[in-house]
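Just below is one structure, and these are the notes that go with it.
In my numbering, the protein residues as written are 31 to 160.
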């Protein structure tokens, strides 16, 4: 019996990724990193800035995501996000640009605790890239 499931990642511009041979996905949920395998219970959660790790027969992939919603039901994982980048496509200058923007955002006054948490999470993740 197959241990694979389907993943769909959608962003505002397009359907970003569709794969049918996924064995495991790790997502940066608000509750912490969440590993999803075939036949996982149905779930809906919000994503925080972090790395989505996809393990599949066709090769492992990692993506940087800043936000989004993740839903798993009927062995299909759907991720809706406004910002996603393939880690393989992020060079040092792109990483530095993203980090600089996040640090500038961090220095602004009058942020809510939630905004402050998300910005700090983004900075922490961006520093680990490359």
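Heads up, the beta-carbon is just placed ideally off N, CA and C, and yes, glycines get one too.
Since the model is a prediction, treat every value here as computed from it, not as a measurement.
The three-state reading of DSSP puts residue 133 in helix, counting H, G and I together.
For residue 106, the pairing in a beta bridge is given by DSSP as 36 and 103.
Here DSSP, grouped into helix, strand and coil, assigns residue 143 to helix. In the displayed model, residue 63 falls within a strand according to three-state DSSP. Selection 77, 76 and 55 evaluated against residue 69 yields 55 as nearest (Cα-Cα). Rounded to whole angstroms, residue 47 and residue 128 show a C-alpha spacing of 22 Å. Closest in alpha carbon position to residue 34, among 66, 97 and 41, is 66. Three or more Cβ pairs closer than 8 Å define a contact, and the segment 130 to 138 falls short of that threshold against the segment 104 to 120. Sequence-distant partners of residue 51 (beyond 5 residues in either direction) whose C-beta falls short of 6 Å from its own C-beta, in its chain, are 34, 86, 87 and 88. One Cα belongs to residue 95, the other to residue 78, and the distance between them is close to 8 Å. In the three-state reduction of the DSSP assignment, residue 72 falls in the coil class, being assigned neither a helical nor a strand state. Where residue 91 is concerned, the enclosing beta strand (DSSP E) starts and stops at 91 to 95. Contact between residue 76 and residue 60 holds: CB atoms are separated by about 5 Å, below the 8 Å threshold.
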